[in-house]
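Numbering (our numbering), first residue to last: 9 to 498.
Cβ coordinates follow ideal geometry from the N, Cα and C atoms, glycine included.
What follows is a single structure, written as structure tokens, with notes after it.
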């Protein structure tokens, strides 16, 4: 049992009804999980407002209600706690309920439009190489020791996040590195504790529209909330929006980048080409001074590595640990090299919109491939414009595009392919259509020529294909191994 007054620490509230001096059996925000004696937090969601079922949860046994607006209640022995925002309050209640586990962790929060996922894995890789026990929370999964839990949100609901921190502490984890989405910040999911480090990677217009952010300004302001919730902020000095993101910050500030104004800088960038592999090497200047090589291509790989190094610097990680870990680091579905031949390079990447595909293909062209081959499809029941744009980008940048299927959902794959071809036809790019994704990958591998770079775009870390409401198992890494085995046994 928990004392109610202990759960209500850290935020302002008023008692509308009942007594504060009472015991609580559980903290719940899902009306289906109410048990006798529980505290229920009324959350207003997009499609459902829990204030509307206040009477039902009391009937089910709830003895405390946390509300942000008036609710109709039967005259029963129930305490009603009024707050300005139930989401904000829930973050503190959850932290108190789980014993404020974040106080026993060093929590690193990474926000930005691009690079969050890759950077969290790089940081985990470096810190573990240096001997730390590290947990991870992000877009792909939550990792606690050997346990991998697939993610529902980039930044989980505050209750789930605090529960995760508790499990990490109990598992002996010292550091948690997590992705912090603008939605997560806007919905107060990261309240109730202070980040050791808050990191800003970059900002581009994204997540703007119904159910997300009303404007770019709101999106930017939400990113900036992180720097009112951390002890030290580490930001990309080369991003034009850095000063705006920092407005009203309460943390110490340091920067990284490629320009002279950054505290930690990457200089002398060199492209690295090895059999079946692409990378980039650079020198560090400013607050650190040594050389680094990353086994993924392009300028964005330099920024991701630089961000990770800026973070790990605060944990007294040795130069050798950084260098070794960055060469070995592996992020599922993010420019993930899969070795199939010494003659050509094949990679899997999550690029599933025109902006991401253009950035990736432009980067790969810098490596002067014999041919650049793009294999992709587009999701069903999504924007046709995305299909036209991706077709046009691939047609303009790739030497050969293999148009295939990617989560057709409730649409016919050939209809989606027809939309992609509308964009392709605006270009002079060569293409073939192979709706079966495994056969499309087989074609790319069988026809690979020395010096080619082949990109399997769109699926990334996903290990399924969604067709007519069913998710069928389909992992491109498995498909590649099956193809290699089938071809070898011919």
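Original post:
Going by other Cβ atoms of all chains shown within 10 Å of its Cβ, with 16 needed for buried, is residue 223 buried or exposed?
Top reply: That one is exposed.
Original post:
Helix, strand or coil for residue 64 per DSSP?
Top reply: Reduced to three states, the DSSP call for residue 64 is helix.
Original post:
Which partner residues does residue 238 have in the DSSP bridge list?
Top reply: Beta-bridge pairing links residue 238 to 203.
Subject >> Any 3 or more C-beta pairs closer than 8 Å across the region 389 to 399 and the region 360 to 378 >> reply: Flag = yes, the region 389 to 399 and the region 360 to 378 touch.
Original post:
Can the beta-carbon of residue 74 be found closer than 8 Å to that of residue 89?
Top reply: Against a cut-off of 8 Å, the Cβ pair of residue 89 and residue 74 comes out as a contact.
Original post:
Roughly how many angstroms separate the alpha carbons of residue 283 and residue 206, rounded to a whole number?
Top reply: Each residue's alpha carbon lies about 38 Å from the other.
Original post:
Exposed or buried, residue 179, counting other C-beta atoms within 10 Å across all chains shown (16 or more means buried)?
Top reply: Taking all protein chains in view, the Cβ of residue 179 is surrounded by fewer than 16 other Cβ atoms within 10 Å, so the residue is classified as exposed.
Original post:
From the DSSP output, which residues share a beta bridge with residue 152?
Top reply: When DSSP reads this structure, residue 152 sits in a beta bridge with 155.
Subject >> residue 273, enclosing beta strand (DSSP E) - first and last residue >> reply: First-last of the beta strand (DSSP E) with residue 273: 272 to 282.
Subject >> From 353, 383, 385, residue whose alpha carbon lies closest to that of residue 375 >> reply: Residue nearest to residue 375 within the set 353, 383, 385 is 353 (criterion: CA-CA distance).
**OP:** Give the DSSP-derived three-state secondary structure of residue 412 in the structure shown.
**Re:** Residue 412 falls in the coil class under three-state DSSP.
Original post:
Secondary structure at residue 114, three-state DSSP: helix, strand or coil?
Top reply: Here residue 114 sits in strand by DSSP.
Original post:
Ends of the alpha helix (DSSP H) at residue 24?
Top reply: Element bounds for residue 24: not the alpha helix (DSSP H) but the beta strand (DSSP E), 22 to 25.
Subject >> Cβ distance (whole Å) where residue 357 is taken to contact residue 463 below 8 Å >> reply: About 6 Å separates the beta carbons of residue 357 and residue 463, which is inside the 8 Å limit, making them a contact pair.
Subject >> Ranges of the beta strand (DSSP E) found wholly within the region 153 to 193, counting only runs of at least 3 >> reply: Counting whole runs of 3 or more residues, the region 153 to 193 contains the beta strand (DSSP E) stretches 155 to 158, 183 to 187.
**OP:** Output yes or no for whether 8 Å exceeds the beta carbon distance between residue 323 and residue 96.
**Re:** Against a cut-off of 8 Å, the Cβ pair of residue 96 and residue 323 comes out as no contact.
Original post:
Is the region 412 to 419 touching the region 437 to 448 in the sense that three or more CB pairs, one from each, lie closer than 8 Å?
Top reply: Verdict: yes, contact present.
Original post:
Which residue comes first and which comes last in the alpha helix (DSSP H) that contains residue 373?
Top reply: Counting along the chain, the alpha helix (DSSP H) containing residue 373 begins and ends at 362 to 373.
Subject >> Three-way DSSP call (helix, strand, coil) for residue 104 in this model >> reply: Note: residue 104 maps to helix in three-state DSSP.
Original post:
How long is the line joining the alpha carbons of residue 257 and residue 293, rounded to whole angstroms?
Top reply: Rounded to the nearest angstrom, the two C-alpha atoms are 26 Å apart.
Subject >> Distance CB(residue 47)-CB(residue 79) smaller than 8 Å >> reply: No, Cβ-Cβ distance for residue 47 and residue 79 is not below 8 Å.
Original post:
Under a Cβ-count criterion, where at least 16 other Cβ atoms within 10 Å of its own Cβ denotes burial, should residue 131 be classed as buried or exposed?
Top reply: It is buried - the Cβ of residue 131 has at least 16 other Cβ atoms within 10 Å.
Original post:
To which residues of the same chain is residue 484 closer than 6 Å at the C-beta, ignoring the five residues directly before and after it?
Top reply: If we look at residue 484 and ignore the five residues flanking it on each side, its Cβ neighbours are 356, 464, 467.
Original post:
To which residues does DSSP link residue 478 through a beta bridge?
Top reply: According to DSSP, which records beta bridges pairwise, residue 478 is partnered with 475.
**OP:** Measure the Cβ-Cβ separation of residue 135 and residue 173 and say whether it is below 8 Å.
**Re:** Not a contact, by the Cβ cut-off of 8 Å.
**OP:** Give a yes or no on contact between the region 318 to 334 and the region 260 to 274, applying the rule of three or more CB pairs nearer than 8 Å.
**Re:** Three or more Cβ pairs drawn from the region 318 to 334 and the region 260 to 274 lie within less than 8 Å of each other, which places the two stretches in contact.
Original post:
How would you label residue 422, buried or exposed, when you count the other beta carbons within 10 angstroms and need 16 or more for buried?
Top reply: Exposed is the call here.
Subject >> Backbone CA spacing between residue 405 and residue 431 [nearest angstrom] >> reply: Each residue's alpha carbon lies about 13 Å from the other.
Original post:
Are there 16 or more other CB atoms within 10 angstroms of the CB of residue 56, so buried, or fewer, so exposed?
Top reply: With fewer than 16 Cβ atoms within 10 Å of its Cβ, residue 56 is classed as exposed.
Subject >> residue 22 classed as buried or exposed, judged by whether at least 16 other C-beta atoms fall within 10 angstroms >> reply: Counting C-beta atoms within 10 angstroms of its own C-beta, residue 22 has fewer than 16 neighbours from the protein chains shown and is therefore classed as exposed.
Original post:
Between the beta-carbon of residue 310 and the beta-carbon of residue 288, is there less than 8 Å?
Top reply: For residue 310 and residue 288, yes; Cβs fall inside 8 Å.
Original post:
In terms of alpha-carbon separation, which member of 260, 296, 259 lies closest to residue 273?
Top reply: For the residues 260, 296, 259, the minimum Cα distance to residue 273 belongs to 296.
Subject >> Length of the line joining the Cα atoms of residue 41 and residue 116 >> reply: Spanning the two alpha carbons is a distance of roughly 31 Å.
Subject >> residue 360 CB to nearest heavy atom of the ligand MG below 7 Å >> reply: Because no ligand of any kind appears in the structure shown, any question about the ligand MG cannot be addressed here.
Original post:
Among residues of its own chain, excluding the 5 on either side of residue 85, which ones have a beta-carbon nearer than 8 Å to its beta-carbon?
Top reply: Closer than 8 Å at Cβ, skipping near neighbours: 26, 71.
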